[in-house]
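In full-length UniProt numbering, the protein residues as written are 1 to 509. The beta carbon of each residue, even a glycine, is placed where N, CA and C say it ideally should be. Keep in mind the model is a prediction, meaning the values are calculated, not measured.
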Amino acid sequence: MSGSVLSVRGATKAFGGAVALRGVDLEVGEAEIHALLGENGAGKSTLIKILAAVHAPDAGSFEIAGETLPAGFGPDDIARAGIRFVHQDLGLIDTMSVMENMALVGGFVRRAGLIDHRASSRRAGEQLARLGLTVDPEALVGSLSVAEKAILALARAMSGDARLIVVDEVTAALPSPDVARVHEAIRAARDHHGAAFIYVSHRLEEVFQLCDRLTVLRDGRTIATAEVGSVDMAQVVNWIAGKSLGLGRASVGGGGGAVRLEAEGIRGGVVGNGAALSVSAGEIVGITGIIGSGYDAICEMVAGIATPVEGRIGIGGQAIAPGSTAATRAAGLEIVLGDRSRAAFAERAVRENLFADRLFRGRGRPDLPGERVRTGELVADFDVRPRNCGEAAMQSLSGGNQQKVLFARALMAEPKALVLIDPTAGVDVGARAELHELLRRAVRKGTAVLFGSSDFEEIVAVADRVLVVRDGRICAEISGEDVTWDRLFMEAHGGHAPLPTATMQGLAS
């Protein structure tokens, strides 16, 4: 590392009595891609918000390329220092053109004081091409794919004199091929522009494919900094979680019991070929594919969230009216979504979220003392942190702990069947492992689980049997030792798609 673009020493921040950062150190070298890792609540977001001048640090020094940022530094100081940010929501405006979105940061090309539209468009196209993206600069951003939008956001961040770009969970919703495209764009920005990156992701396989070094935070402290090539994933997980969590294939079901959940000939939306599936008691069936393949649409129709054009759904041997979550839940099926904006009531208390049926459907008078006692039991049983969160707003919890609450709500009635749709999206590796264990606990009691996710690694880790969806139809069923990441990848892409170079290197290692 020839020099430091960013040097943070002793960063400290508290919010009231809660200490978020406890003397954090972070150093990012020139043209380095540096991963910032840690569980939700470890301090990553607080540190990033300090770097963005959203929060003021209580203590610590912050240097950019050897220059110390002034006390009380603000957004203008950060912009002049060349720090840029690309967040998960990307911050793009779909109703504006690609060029106009670029110009929001880099400005328009002007001649004689007037905007030169043609030159601005040409410049935008050239900037995007340098990152490997060839799109019409006059196209509306809303017409781009998610991966193209992510690369556009990177290119926009590069406008001007960007020294350091913070990339925060940009690939969380992307399937593997699109992740590879974004990675290539980051490498191009590093190689051609000399930019350094802080890369935040819960997907450890991405870190090992892309990054040069990593720093792990836990409980607001710097736990470790290491060269990526000098450590393995198990060691990094141990740093992140503070304990060994066991990686890889660990499903505990296998089925063999009575069929608890079945669907036959369901069709609707992108699913046009009459999907059929069954899940037995004590079995986890994964259903996967790339984003847009239809795996999630099948899950939603099975769960009653969406209405199929035709088809039959059965729960515990009982035929269910399609398109009705009330009917599926009455028959003993529960649902857990990763999209908390659809599944949780962010501003209401954890207790109210656990007993949402009573609160939001007017089912009976509230038994507040009983609800509070049961909430305390569930919080302890599902290891929700902090322990005294029953009356706290749902949104005050970390993403992983919010998901534990949703798991508790779904599992407290010991359902016959459970449908999960991307249930750990945006959740850190420690919380993900804990959620998997909660799921296995339910399976040991006989629950049938349909687990929908585009994360092949996660599907390999949890599923007994896997259905692969491609172009709106179930194209393959895989079980036992044949359930591997590369097999899922190949089936999801037609059985002949070449693996990305970085992925091949990762598999080889």
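Task: Where Ser-201 sits in the DSSP three-state scheme - done: Residue state, collapsed to three classes: coil.
Open item on the list: For Gly-17 and His-55, what's the separation of their Cα atoms in angstroms?
Closed with: Going by the C-alpha atoms only, they are around 16 Å apart.
Task: Proximity winner among Ala-346, Leu-488, Ile-50 and His-436, relative to Met-394 (alpha-carbon distances) - done: Closest option to Met-394, Cα to Cα, is Ala-346.
Task: Ala-112 classed as buried or exposed, judged by whether at least 16 other C-beta atoms fall within 10 angstroms - done: Label assigned to Ala-112: exposed.
- [ ] Please go through the same chain and pick out, in chain order, the residues whose beta-carbon is closer than 6 Å to the beta-carbon of Ala-306, but skip the five residues on each side of it.
- [x] Same-chain partners within the cutoff: Glu-300.
Open item on the list: Give me the residue from Arg-342, Asp-482, Gly-446 and His-183 with the minimum Cα distance to Val-279.
Closed with: Closest by alpha carbon: Gly-446.
Task: DSSP-derived helix/strand/coil call for residue 510 - done: Lying before the first or after the last residue shown, residue 510 is absent from the chain, which here runs from 1 to 509.
Open item on the list: Let's see if you can read the secondary structure: which residues bound the beta strand (DSSP E) around Lys-445?
Closed with: Lys-445 -> no beta strand (DSSP E), and no H or E assigned at all.
Task: Residue closest to His-34, alpha-carbon to alpha-carbon, out of Asp-76, Leu-164 and Ser-97 - done: Checking every option, the nearest Cα to that of His-34 belongs to Leu-164.
TODO: In the DSSP assignment, find the alpha helix (DSSP H) that holds Val-373 and state where it starts and stops.
DONE: Note, Val-373: alpha helix (DSSP H), 368-381.
Open item on the list: Quick check for students: name the residue ranges of the alpha helix (DSSP H) that lie wholly in the segment 411-498, counting only runs of 4 or more.
Closed with: The segment 411-498 contains these whole alpha helix (DSSP H) runs: 429-444, 456-462 and 485-492.
Open item on the list: Let me confirm a value: Pro-70 is counted as buried when at least 16 other C-beta atoms fall within 10 Å, else exposed. Which label applies?
Closed with: Pro-70 comes out exposed.
- [ ] Please look up how many angstroms separate the CB atoms of Ile-151 and Leu-131, rounded, as I've assumed it's under 8 Å.
- [x] That pair is a contact at about 6 Å.
TODO: Tell whether a beta-carbon distance below 8 Å holds between Glu-285 and Leu-128.
DONE: First, the residue type needs correcting, since residue 285 is Val and not Glu in the sequence shown. No; because the gap between Cβ atoms is not below 8 Å, this pair is not in contact.
TODO: Would you tell me roughly how many angstroms separate the C-alpha atoms of residue 517 and Ile-240, rounded to the nearest one?
DONE: The structure shown does not extend to residue 517, since the chain is modelled only from 1 through 509, so no value can be given for it.
- [ ] Check whether the Cβ of His-87 lies closer than 8 Å to any Cβ atom in chain D.
- [x] Although the question refers to chain D, the structure presented lacks it and comprises just one protein chain.
Open item on the list: Check for me: the alpha helix (DSSP H) holding Ser-120 runs from which residue to which?
Closed with: Run containing Ser-120: 117-130, per the alpha helix (DSSP H) assignment.
Open item on the list: Judging by CA-CA distance, which residue of Gly-494, Ala-461, Ala-172 and Cys-475 is the nearest neighbour of residue 548?
Closed with: In the structure as shown, the chain starts at 1 and stops at 509, and residue 548 therefore has no counterpart that could be examined.
Open item on the list: Can you find the residues in the same chain that come closer than 8 Å, C-beta to C-beta, to Gly-390, ignoring five residues on each side of it along the sequence?
Closed with: Taken in chain order, the residues that qualify are Ala-349, Val-350, Arg-351, Arg-372, Thr-375, Gly-376 and Val-379.
Open item on the list: Are the CB atoms of Gly-74 and Ala-42 within a distance shorter than 8 Å?
Closed with: Against a cut-off of 8 Å, the Cβ pair of Gly-74 and Ala-42 comes out as no contact.
TODO: Pull up the CB-CB distance for Leu-397 and Ala-410, whole angstroms please, since I reckon it's below 8 Å.
DONE: Incorrect: roughly 17 Å between the Cβ atoms, too far for contact.
Task: Beta-bridge pairing of Ser-7 - partner residues as DSSP gives them - done: Glu-27 and Glu-63, per the DSSP bridge assignment.
- [ ] Using the Cα positions of Gln-209 and Ser-176, report the straight-line distance between them to the nearest angstrom.
- [x] If you take the alpha carbons of Gln-209 and Ser-176, they lie about 12 Å apart.
Open item on the list: For the structure I just gave you, are there three or more beta carbon pairs, one from the segment 196-210 and one from the segment 426-434, closer than 8 Å?
Closed with: Contact between the segment 196-210 and the segment 426-434 is present: three or more C-beta pairs spanning the two stretches fall below 8 Å.
- [ ] List the residues that DSSP assigns as beta-bridge partners of Ala-35.
- [x] As DSSP reads the structure, Ala-35 sits in a beta bridge with Tyr-199 and Leu-214.
TODO: Give the straight-line distance between the Cα atoms of Ile-335 and Arg-329, rounded to the nearest whole angstrom.
DONE: Rounded to the nearest angstrom, the gap between the Cα atoms of Ile-335 and Arg-329 is 8 Å.
Task: Proximity below 8 Å, CB of Pro-386 to CB of Gln-403 - done: Judged by their CB atoms, Pro-386 and Gln-403 are not nearer to each other than the 8 Å cut-off.
- [ ] Take the Cβ of Thr-68 as the centre, count every other Cβ of all protein chains shown within 10 Å, and call the residue buried at 16 or more, exposed below.
- [x] Label assigned to Thr-68: exposed.
- [ ] Verify whether the separation of the beta carbon atoms of Glu-491 and Cys-475 is less than 8 Å.
- [x] With contacts defined as CB atoms closer than 8 Å, Glu-491 and Cys-475 qualify as a contacting pair.
Task: Phe-15 burial status per 10 Å Cβ neighbour count (16 or more: buried) - done: Result: exposed.
TODO: Alpha carbon to alpha carbon, how far is Ala-321 from Ala-327? Give it in angstroms, no decimals.
DONE: Near 6 Å, if we compare the C-alpha coordinates of Ala-321 and Ala-327.
Task: Neighbourhood of Thr-324 by C-beta, 7 Å cutoff - its chain only, sequence neighbours within 5 removed - done: According to the sequence provided, residue 324 is Ser. The question's Thr does not apply to it. Counting only Cβ-Cβ distances below 7 Å, and skipping sequence neighbours, we find Gly-304.
- [ ] Work out the CA separation of Asp-178 and Asp-58 for me, nearest whole Å.
- [x] It is roughly 39 Å from the alpha-carbon of Asp-58 to the alpha-carbon of Asp-178.
Task: Gly-265 versus Gly-494 - alpha carbon distance - done: Going from the Cα of Gly-265 to the Cα of Gly-494 covers about 22 Å.
Open item on the list: Do Ile-93 and Val-141 have their beta-carbon atoms positioned less than 8 Å apart in this structure?
Closed with: Their beta carbons are under 8 Å apart, which means Val-141 touches Ile-93 by this criterion.
Open item on the list: Checking 8 Å against the spacing of the C-beta atoms, do residue 520 and Ser-479 come in under that value?
Closed with: As displayed, the chain neither begins before 1 nor continues past 509, which places residue 520 out of reach and without an answer.
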